[in-house]
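Enquirer: I'd like to ask some things about the structure below.
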Amino acid sequence: MTSEVQADASPEHFPEHLPEAPETLLAAWLPANDDPVRPLMTLSTLTASGYPDARTVLLSEYDDSGFYFHTDSRSRKVADVTRDPRVALTLVWPGRQLTVQGEAHRSSMDERGWAYEHRSRYLQQLAWLNTPDFAELPLAERLTRWADFDAEHPALTPPDTWDGFLVRPVRLTFWQGRPDTASRRTEYRRPTPSTPWTRHHLPG
Ligand SMILES: Cc1cc2nc3c(=O)[nH]c(=O)nc-3n(C[C@H](O)[C@H](O)[C@H](O)COP(=O)(O)O)c2cc1C
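Per this note's numbering, residue 1199 is the first one in the sequence shown, and the count goes up by one each step.
Here you go:
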């Protein structure tokens, strides 16, 4: 379903003849990995209690294997995906949405290092200071400690808690709304991340 407000009047985001694999569409929909403006995605995980959990993370980068996000190894999301790697990702733009089902597994050490280097200085520092103890401090103390840390550490390397995951997709659903006809989805599916894709259209 769409509304006039959400529908994107820009040209069709799908080629007439859909490629057999989704990589071309992903390249058209997602910014290049060296674009400093990173897309936001909702990462949904399965918790031990059975409730789903969801939160916003940055899409650090993507490649033919899947979608990478980075986080703190002590976080709830890491506990969730360590217990059950099945996740969903949702990315949304005006008039467009991409939803992903897949499996999240820890990315390589090299990849995690690359991602840290490409984070802004603010986010590199956040990876060091975003702790439960820091969060308990009053604002004045948080400002002082942040500024002191910044002054004392002109160059930063990743803390031990810097963590990264690759989501290898088994389902990719591209949704496009239009003001002049019905919204529609194009879906790619495969039973496992190492089997070929099938593709079909769905109503929006
Ligand atoms: C715009 C935005 C971007 C965020 N990006 C990240 C991110 O890339 N990695 C991350 O761990 N948390 C990120 N967060 C914080 C998460 O949404 C979340 O609050 C935090 O990671 C704790 O999640 P958890 O307790 O469910 O593990 C972001 C939050 C916002 C609002």
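Glycine included, every Cβ here is placed at the ideal spot set by N, Cα and C. Source: prediction; values computed, not measured.
Could you spell out the range, first to last residue, of the alpha helix (DSSP H) harbouring threonine 1342?
Expert: Position 144 of the sequence shown, counted from the first residue, corresponds to residue 1342. Here the alpha helix (DSSP H) through threonine 1342 covers 1337–1350.
Enquirer: Where does proline 1389 fall in DSSP's three states?
Expert: Here the question's residue 1389 lines up with position 191 in the sequence shown. Three-state result, proline 1389: coil.
Enquirer: Tell me whether aspartate 1145, by its Cβ, gets closer than 7 Å to a heavy atom of ligand 1.
Expert: In the structure as shown, the chain begins at 1199 and stops at 1402. Residue 1145 is therefore absent and cannot be evaluated.
Enquirer: Taking the alpha-carbon positions, what's the valine 1368 to glutamine 1299 distance?
Expert: In the sequence shown, residue 1368 corresponds to position 170, counting from 1. In the sequence shown, residue 1299 corresponds to position 101, counting from 1. Answer to the nearest angstrom: the Cα atoms are 6 Å apart.
Enquirer: Just the C-alpha distance for leucine 1212 and leucine 1289, rounded to the nearest angstrom, thanks.
Expert: Within the sequence shown, numbered from 1, the residue matching residue 1212 stands at position 14. Within the sequence shown, numbered from 1, the residue matching residue 1289 stands at position 91. As written in the sequence, residue 1212 is phenylalanine, which differs from the leucine given in the question. Rounded to the nearest angstrom, the two C-alpha atoms are 17 Å apart.
Enquirer: Please tell me whether, using a cut-off of 7 Å, the distance from the CB of threonine 1254 to the nearest non-hydrogen atom of ligand 1 is below it.
Expert: The residue labelled residue 1254 in the question sits at position 56 within the sequence shown. Correct: threonine 1254 has its Cβ closer than 7 Å to ligand 1.
Enquirer: What is the DSSP secondary structure of histidine 1398, counted as helix, strand or coil?
Expert: Within the sequence shown, numbered from 1, the residue matching residue 1398 stands at position 200. Reduced to three states, the DSSP call for histidine 1398 is strand.
Enquirer: If you compare alpha carbons, which of Asp1278, Phe1347, Trp1360 and Arg1294 is closest to aspartate 1308?
Expert: By 1-based counting over the sequence shown, the position of residue 1308 is 110. Of the candidates Asp1278, Phe1347, Trp1360 and Arg1294, the one whose C-alpha sits nearest the C-alpha of aspartate 1308 is Trp1360.
Enquirer: According to the neighbour-count rule (16 or more other Cβ atoms, all chains shown, within 10 Å of its Cβ), is alanine 1313 buried or exposed?
Expert: Counting from one through the sequence shown, the residue named residue 1313 turns up at place 115. It counts as buried.
Enquirer: How big is the Cα-Cα spacing for valine 1235 and histidine 1268?
Expert: Translated into the one-based positions of the sequence shown, residue 1235 becomes position 37. Translated into the one-based positions of the sequence shown, residue 1268 becomes position 70. Spanning the two alpha carbons is a distance of roughly 15 Å.
Enquirer: Determine the extent of the alpha helix (DSSP H) in which aspartate 1278 is found, giving its start and end residues.
Expert: As a working note, residue 1278 is residue 80 in the sequence shown. Looking at the DSSP string, the run of the alpha helix (DSSP H) that includes aspartate 1278 is 1274–1281.
Enquirer: Considering only the alpha carbon of each residue, which of Val1365, Gln1374 and Pro1389 lies closest to histidine 1399?
Expert: The sequence position of residue 1399 within the sequence shown is 201, counting from 1. The option with the nearest alpha carbon to histidine 1399 is Gln1374.
Enquirer: Please list the terminal residues of the continuous alpha helix (DSSP H) segment that includes arginine 1319.
Expert: Along the sequence shown, read from residue 1 onward, the residue named residue 1319 stands at position 121. Arginine 1319 -> alpha helix (DSSP H) spans 1319–1327.
Enquirer: Between the Cα of glutamate 1221 and the Cα atoms of Asp1262, Pro1229 and Leu1257, which residue gives the shortest distance?
Expert: Your numbering for residue 1221 matches position 23 in the sequence shown. Of the candidates Asp1262, Pro1229 and Leu1257, the one whose C-alpha sits nearest the C-alpha of glutamate 1221 is Asp1262.
Enquirer: Is valine 1279 near phenylalanine 1372, with beta carbons less than 8 Å apart?
Expert: As a first step, residue 1279 must be located in the sequence shown, where it is residue number 81. As a first step, residue 1372 must be located in the sequence shown, where it is residue number 174. In this structure, phenylalanine 1372 does not lie closer than 8 Å to valine 1279 by Cβ.
Enquirer: Name the one or two DSSP bridge partners that methionine 1307 has.
Expert: One-based indexing of the sequence shown puts residue 1307 at position 109. Beta-bridge pairing links methionine 1307 to no other residue.
Enquirer: Looking at leucine 1238 and leucine 1223, is the spacing between their C-beta atoms short of 8 Å?
Expert: As a first step, residue 1223 is located in the sequence shown; it is residue number 25 there, counting from the start. As a first step, residue 1238 is located in the sequence shown; it is residue number 40 there, counting from the start. No. Outside cutoff.
Enquirer: Using DSSP's beta-bridge definition, name the partner residues of threonine 1384.
Expert: Residue mapping note: residue 1384 aligns to position 186 of the sequence shown, counting from 1. DSSP output for threonine 1384 lists Phe1372 and His1399 as bridge partner(s).
Enquirer: So, at 8 Å on beta carbons, what are the nonlocal neighbours of arginine 1310 in its own chain, with the 5 sequence-adjacent residues on each side left out?
Expert: To locate residue 1310, count along the sequence shown from 1; it is residue 112. Answer for arginine 1310: His1268, Pro1356, Trp1360, Asp1361 and Gly1362, listed in chain order.
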